[in-house]
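Trainee:
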Amino acid sequence: MRLMGRVQRLRENARRWGWPQALQQLAFRALQRMGLHLHCVFRRAHVVAHRPPQELSGLEFRVLRVDELTRWAQDPRYGMAPGFVESALARGDVCVGALENGALLGYTWWSSAPTRDQGDIWVSFSAGDNLGYHGFVLPEHRGRGIYEPLVMSCGESFMRNGIFHTVYFVAIHNVANLRVQDKVGIPRAGIAGYWHAFGRPLTFRSPGARRAGFRFVSAARFRQSSPLP
Ligand SMILES: CC(C)(COP(=O)(O)OP(=O)(O)OC[C@H]1O[C@@H](n2cnc3c(N)ncnc32)[C@H](O)[C@@H]1OP(=O)(O)O)[C@@H](O)C(=O)NCCC(=O)NCCS
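Here is the structure:
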């Protein structure tokens with residue numbers, strides 16, 4: 200059953216992106232299962248008053264309130280568990296949502312503090328930047344171009360708080376997300392990743408990721424330089 204599901208997904212991806220891209224994605228996913236996590240790193244300036252395209256003019260893009268987040272966290276379709284929302288809000292993170300007639304279609308989170316990626320791996324970035332993370336669009340609304348205005352909106356509210364740039368990282372196998380970056384025209388700053396080998400994580404980054412001020416850090420190393428929040 201699981202194998203059939205994977206074959207079907209491979210076929211769908213090949214139809215959407217072509218076989219070379221679909222097979223490349225499969226290979227990178229396999230590497231991730233073997234412990235090698237590779238990500239493209241991006242850094243861009245926040246923008247003021249980004250306008251969504253005409254066909255999305257009926258949607259509202261705005262910062263979500265705590266009561267809304269608490270409610271939507273109860274709905275498993277959105278993939279943000281109550282515990283996740285609680286700790287993100289406690290850290291001061293902000294969630295921007297795409298709404299249609301009051302219904303949430305997608306969201307993305309922003310943090311100004313170091314954030315945990317997975318397990319013992321943390322994400323660190325330059326002071327004065329924020330990190331865009333955990334973006335999501337409901338499966339039935341994917342392909343409508345919702346993610347682009349979602350990540351480009353609300354720049355003015357960050358700038359008011361002295362945050363002029365954002366960094367984010369996209370798994371190298373996440374073709375859908377990488378295509379959004381290409382469509383917006385955001386160049387890749389570099390590559391960063393980590394590998395869980397022999398029981399401990401080995402983190403690495405390219406010179407471009409270093410220039411963007413982005414790095415993955417193991418919890419142990421991070422604790423040496425600054426206390427974890
Ligand atoms: C990545 C994601 C947020 C993109 O959102 P979106 O609003 O569908 O973005 P777009 O409409 O611009 O489509 C982006 C690409 O997704 C792919 N796509 C289109 N329709 C799709 C569908 N129904 N299902 C899956 N992918 C689809 C296409 O490759 C498209 O690019 P193209 O138009 O150049 O072919 C969304 O796919 C998603 O929620 N994925 C799961 C969570 C995730 O990966 N989050 C990002 C990591 S933080």
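Numbering (our numbering), first residue to last: 200 to 428.
C-beta atoms are modelled at their ideal positions from N, C-alpha and C, and glycine is treated no differently.
#1: Is the region 388-401 touching the region 333-345 in the sense that three or more CB pairs, one from each, lie closer than 8 Å?
#2: Is R378 near ligand 1 - that is, is its Cβ less than 8 Å away from at least one heavy atom of it?
#3: Could you check whether the region 291-307 touches the region 335-344, counting it as contact only if at least three pairs of C-beta atoms, one from each stretch, sit closer than 8 Å?
#4: Just verifying my parser: in three-state terms, what is the DSSP assignment at F283?
#5: Among the residues of its own chain, which have a CB less than 7 Å from the CB of A244, if the five just before and after it don't count?
#6: Can you give me the start and stop residues for the alpha helix (DSSP H) that D381 sits inside?
#7: Taking E343 as the reference, give the member of L258, Q231, S356 and T314 with the closest Cα.
#8: Can you tell me whether S311 is buried or exposed? The criterion is at least 16 other CB atoms within 10 Å of its CB, across all chains shown.
#9: So, do the region 370-382 and the region 219-236 have three or more beta carbon pairs nearer to each other than 8 Å?
#10: If you count every other CB in all the chains shown that lies within 10 Å of the CB of D328, and 16 or more means buried, which is it?
#11: Give the list of continuous beta strand (DSSP E) stretches no shorter than 3 residues that lie fully inside the region 229-294.
#12: For the beta strand (DSSP E) holding P338, just list the boundary residues, first then last.
#13: In whole angstroms, what is the alpha-carbon distance linking R437 and Y346?
#14: If you drop the 5 nearest sequence neighbours on each side, which residues of the same chain put their C-beta closer than 8 Å to that of R409?
#15: How should Q317 be labelled, buried or exposed, when 16 other C-beta atoms within 10 angstroms of its C-beta is the threshold for buried?
#16: Would W309 be called buried (16 or more neighbouring beta carbons within 10 Å of its own) or exposed?
#17: For S417, does the three-state DSSP call read helix, strand or coil?
#18: Could you pull the start and end residues of the beta strand (DSSP E) that F368 belongs to?
Mentor: Well, looking at it:
#1: no
#2: yes
#3: yes
#4: helix
#5: F363 and H364
#6: V374 to V383
#7: For the sequence presented, residue 343 should be read as Arg rather than Glu. Minimum Cα distance to R343 is reached at L258.
#8: buried
#9: yes
#10: buried
#11: 235-244 and 259-262
#12: First-last for P338: undefined, no H or E at that position.
#13: Because the chain spans 200 through 428 in this model, residue 437 falls outside it and cannot be assessed.
#14: G389
#15: exposed
#16: buried
#17: strand
#18: H364 to A370
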